[in-house]
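Undergrad: Sending over a structure as structure tokens; questions will come in a sec.
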Amino acid sequence: MSGTDLPGAGTPAPDARDAPVPDTPVPAGDYAAARIAGGLVFTAGMTPRAGGGVIAAGVLGAGLTVEDAVPLAALAAGRAVEAAREAARSAGLRLESAVSMTVHLAVVPGFTEHSRVADGASARVRALLAGPPPARTAVGVAALPSGAPVEVTLVLSTAEEAAPPPAGAARPV
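Residue -17 is where the sequence shown starts when you use this note's numbering, and the numbers rise one by one after that.
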């Protein structure tokens, strides 16, 4: 499997900026895709899903390469941004920037290229949101839900959505 062959996964960083924005994620269990508290949006962990399922399962270092995983991380990050955007929109807010990102990777013992994979998620977030890059943690784990190789969680800042001008009001030129 090549990273560029994954449906909906976009392309590896730095081209992750061109990946399509995924549909709004729907929780696969008894949890919210995103919640707002104290002006921040907290997302659930998002895996690389399309068409209702994980588009690639596996473990980095055991058949899945860094090159395979970078676009999967980008897709998962795009799903997290979309979940946050929908939560913000429903509360009359807009996203300002990503504050923090955690990238969990299913890896074999001894795997050390966490940052290379997480860079795919970072590139996608920076392509979708203004502001500086978020603080980031990349963690290797034994397994993730549905056999996904990557899961991304975001914390994002919000601002009030600008109110539209009253009907008939003069618009600045």
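Even for Gly, the Cβ is constructed at its ideal location relative to N, Cα and C.
Remember, it's a predicted structure, so these values are computed and weren't measured experimentally.
If distances are taken between C-alpha atoms only, which option among 110, 132, 136, 109 comes closest to residue 118?
TA: 136
Undergrad: Measuring CA to CA, which of 84, 46, 48, 50 is closest to residue 138?
TA: 84
Undergrad: Can you give me the C-alpha to C-alpha distance between residue 165 and residue 86, rounded to a whole angstrom?
TA: Any property of residue 165 remains undetermined from this structure, which presents the chain solely from -17 to 155.
Undergrad: May I ask you to report which of helix, strand or coil DSSP gives residue 107?
TA: helix
Undergrad: Using a threshold of 8 Å, state whether the C-beta atoms of residue 30 and residue 130 are closer than that.
TA: With respect to the 8 Å criterion, residue 30 and residue 130 are classified as neighbours on the basis of their beta carbons.
Undergrad: Could you tell me the distance, in whole angstroms, from the CA atom of residue 94 to the CA atom of residue 149?
TA: 57 Å
Undergrad: Quick test of your reading: residue 17 and residue 69, contact by CB under 8 Å. State the CB separation rounded to the nearest angstrom.
TA: 7 Å
Undergrad: CA-CA distance, residue 122 and residue 91?
TA: Distance between the alpha carbons of residue 122 and residue 91 is about 9 Å.
Undergrad: Opposite residue 24 in the DSSP bridges: which residues?
TA: 17, 137
Undergrad: What three-state label does DSSP hand residue 3 in the structure shown?
TA: With a pLDDT of only 49 at residue 3, under the threshold of 50, the placement of this residue in the model should not be trusted, and no figure is reported.
Undergrad: Would you say residue 132 and residue 15 are within 8 Å of each other, going by their C-beta atoms?
TA: The Cβ atoms of residue 132 and residue 15 do not sit closer than 8 Å to each other.
Undergrad: Going by the DSSP bridge assignment, what does residue 86 pair with across the sheet?
TA: 121, 133
Undergrad: In three-state DSSP terms, what is residue 35?
TA: Residue state, collapsed to three classes: strand.
Undergrad: Any idea which residues DSSP pairs residue 76 with across the strands?
TA: 141
Undergrad: Based on the DSSP output, what are the partners of residue 46 in its beta bridges?
TA: 42
Undergrad: Hey, how far is the Cα of residue 58 from the Cα of residue 102?
TA: 10 Å
Undergrad: Which residue wins for smallest C-alpha separation from residue 43, given the options 124, 128, 143, 140?
TA: Among 124, 128, 143, 140, the Cα nearest to that of residue 43 is on 124.
Undergrad: Would you call residue 115 buried or exposed, if buried means 16 or more other Cβ atoms sit within 10 Å of its Cβ?
TA: Residue 115 comes out exposed.
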